[in-house]
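To keep things clear, I will list the structure first and then write my remarks on it.
Numbering (our numbering), first residue to last: 194 to 604.
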């Protein structure tokens, strides 16, 4: 039988080496596309987060720029219009913090607004402002609107002095809503306070009732002078007043020097002159009046009933000279065995019309000072704000504030 040799058929599978190479190529392509998809999937959120963060940053820039614009307008009024009002104004050294422009004032285009050339022409009024803030690249825009009030308290500058009404420490001032209520600084401040925060609080309270014309003289944050600025010195002064020969307790009338231990109410047609120290709260009811100095140590001054009692003026002006009321909340404490003094919160409240008259009168205060012992007189530095040195006023000129609830965001 012949021997035959077997040959491979052309229809047999490819060698194993070629088949595995093809499979590796296919798997590689799949892995490549998979990796590409994974990379795209993971980088897209990062890119999105970066874009969102960038947009939020620029939106915040625009908001800050718009808020700066509102402050710029207030500064413009205070400065008497010496700066460019409308803008645009860049923020940051190279405008890298955005910019703002004032769009409208009192619903008129900013370019059409004419600031009063005379501060006396302003008096008391409200002004509506709209500003536009932009981010550094101009991609984000924010418009804000707010109402501010302008109050003209006259002119002057400098440091502390007594006023007809004085409040030490933090004060809650309830401004009387009456056109018959009058506070006259007689060349000095109408109300004196210790700092700008309390000054602004009192100005806002007056603006809320629209009675700026009731106050002749600025609202001062320059303090009061000695001994009033220091709680410890005030305590020393009161002690010296009590030690003055002839000092009474109010039971024999309110003329001369009287120190009352606790709350005290002047009512009806009560009147007096000299120095009255009330170690508690002080209340007036009816139409009392007083010439000279009233020191309240209990933190509160309340006018009830007719609310017409004051220093100077009395009912319907009267013949009273006037003087000054100093309201404090003198708190004594012991720390490490040492006695310390501080001012607590004070308040001024009125009801029943608030038709009181408060008039500063240097002669009445000087006469009251002459009643004191030499020791007490040396502790009281009394200065005439209308004397040769001129008005001793801080916070005069145009003052501004925000009208509550007037903020409008056009976002």
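Using N, Cα and C, we set each Cβ at its ideal position, and we do this for glycine too.
Notebook entry, point to check: Is DSSP giving residue 558 helix, strand or coil here?
Noted result: Taking the chain shown and counting its residues from 1, the one referred to as residue 558 is at position 365. Residue 558 falls in the helix class under three-state DSSP.
Checklist line | Assigned exposure category for residue 601 - 16 Cβ within 10 Å defines buried | finding: Start at 1 with the first residue of the chain shown, and residue 601 comes out as number 408. Exposed, because fewer than 16 other Cβ atoms sit within 10 Å of the Cβ of residue 601.
Margin query: By the DSSP assignment, the beta strand (DSSP E) with residue 458 in it spans what residues?
Written below: Here residue 458 corresponds to residue number 265 of the chain shown, with the count starting at 1. Note, residue 458: beta strand (DSSP E), 457-461.
Check: Where residue 587 and residue 381 are concerned, what is the direct C-alpha to C-alpha distance, given to the nearest angstrom?
Finding: If you number the chain shown from 1, residue 587 lands on position 394. If you number the chain shown from 1, residue 381 lands on position 188. At residue 587 the pLDDT is 43, less than 50, meaning the model places this residue with poor confidence; the figure from the coordinates comes in the next sentence. So the two alpha carbons sit approximately 9 Å from each other.
Check: Given 8 Å as the limit, is there contact between the stretch 436-446 and the stretch 388-398, that is, 3 or more CB pairs closer than that?
Finding: no
Notebook entry, point to check: Based on the DSSP secondary-structure assignment, which residues constitute the bridge partners of residue 542?
Noted result: Walking along the chain shown from the start, residue 542 turns up at place 349. Answer is 495.
Item checked: Exposure label - residue 432; buried when at least 16 CB within 10 Å -> The sequence position of residue 432 within the chain shown is 239, counting from 1. Exposed, since its Cβ has fewer than 16 Cβ neighbours within 10 Å.
Next item on the list: Would you identify the three-state DSSP class for residue 420, choosing helix, strand or coil?
Entry: Taking the chain shown and counting its residues from 1, the one referred to as residue 420 is at position 227. Of the three classes helix, strand and coil, the one that applies to residue 420 here is coil, per DSSP.
Note to self: Quick test of your reading: residue 468 and residue 564, contact by CB under 8 Å. State the CB separation rounded to the nearest angstrom.
What the structure shows: The residue labelled residue 468 in the question sits at position 275 within the chain shown. The residue labelled residue 564 in the question sits at position 371 within the chain shown. Right, their Cβ atoms sit about 6 Å apart.
Checklist line | Ranges of the alpha helix (DSSP H) found wholly within the stretch 319-385, counting only runs of at least 4 | finding: none
Next item on the list: Confirm, please, whether the CB-CB distance from residue 322 to residue 266 is below 7 Å.
Entry: Within the chain shown, residue 266 is the residue found at index 73, counting from 1. Within the chain shown, residue 322 is the residue found at index 129, counting from 1. Yes, the pair counts as a contact, with Cβ atoms nearer than the cut-off.
Margin query: As a quick exercise: from 342, 552 and 518, pick the residue whose alpha carbon is nearest that of residue 541.
Written below: In the chain shown, residue 541 corresponds to position 348, counting from 1. Ranking 342, 552 and 518 by Cα distance to residue 541 puts 518 first.
Next item on the list: Give me the Cα-Cα distance between residue 354 and residue 422, rounded to the nearest whole angstrom.
Entry: Residue mapping note: residue 354 aligns to position 161 of the chain shown, counting from 1. Residue mapping note: residue 422 aligns to position 229 of the chain shown, counting from 1. Straight-line Cα distance between these residues: approximately 10 Å.
Notebook entry, point to check: Assuming residue 534 and residue 428 make a contact with CB atoms under 8 Å, what is their CB distance in whole Å?
Noted result: Counted from its first residue, the chain shown places residue 534 at position 341. Counted from its first residue, the chain shown places residue 428 at position 235. Residue 534 to residue 428, Cβ: 5 Å. Contact.
Next item on the list: Compare the Cα-Cα distances from residue 342 to each of 479, 268, 218 and 287 and report the closest residue.
Entry: Counting from one through the chain shown, the residue named residue 342 turns up at place 149. Ranking 479, 268, 218 and 287 by Cα distance to residue 342 puts 268 first.
Check: Just to confirm, are residue 521 and residue 398 a CB contact at a threshold of 7 Å?
Finding: As a first step, residue 521 is located in the chain shown; it is residue number 328 there, counting from the start. As a first step, residue 398 is located in the chain shown; it is residue number 205 there, counting from the start. Not in contact: residue 521 and residue 398 (Cβ atoms no closer than 7 Å).
Check: Is residue 330 closer than 7 Å to residue 289 when the C-beta atoms are compared?
Finding: The count along the chain shown starts at 1 and reaches residue 289 at position 96. The count along the chain shown starts at 1 and reaches residue 330 at position 137. Cβ distance not < 7 Å, so residue 289 and residue 330 don't count as in contact.
Next item on the list: With a threshold of 16 other CB atoms inside 10 Å of the CB of residue 548, please say whether the residue is buried or exposed.
Entry: As a position in the chain shown, residue 548 is number 355, starting the count at 1. Residue 548 is buried by the Cβ-count criterion.
Item checked: Those residues which DSSP pairs with residue 302 across a bridge -> Working through the chain shown from its first residue, we reach residue 302 at position 109. The partner list for residue 302 (beta bridge, DSSP) reads 297.
Next item on the list: Please classify residue 531: does DSSP put it in a helix, a strand, or coil?
Entry: Counting from 1 along the chain shown, the entry for residue 531 is found at position 338. Strand, per DSSP.
Check: Got a sec, what are the start and stop residues for the alpha helix (DSSP H) residue 568 sits in?
Finding: As a position in the chain shown, residue 568 is number 375, starting the count at 1. Counting along the chain, the alpha helix (DSSP H) containing residue 568 begins and ends at 567-572.
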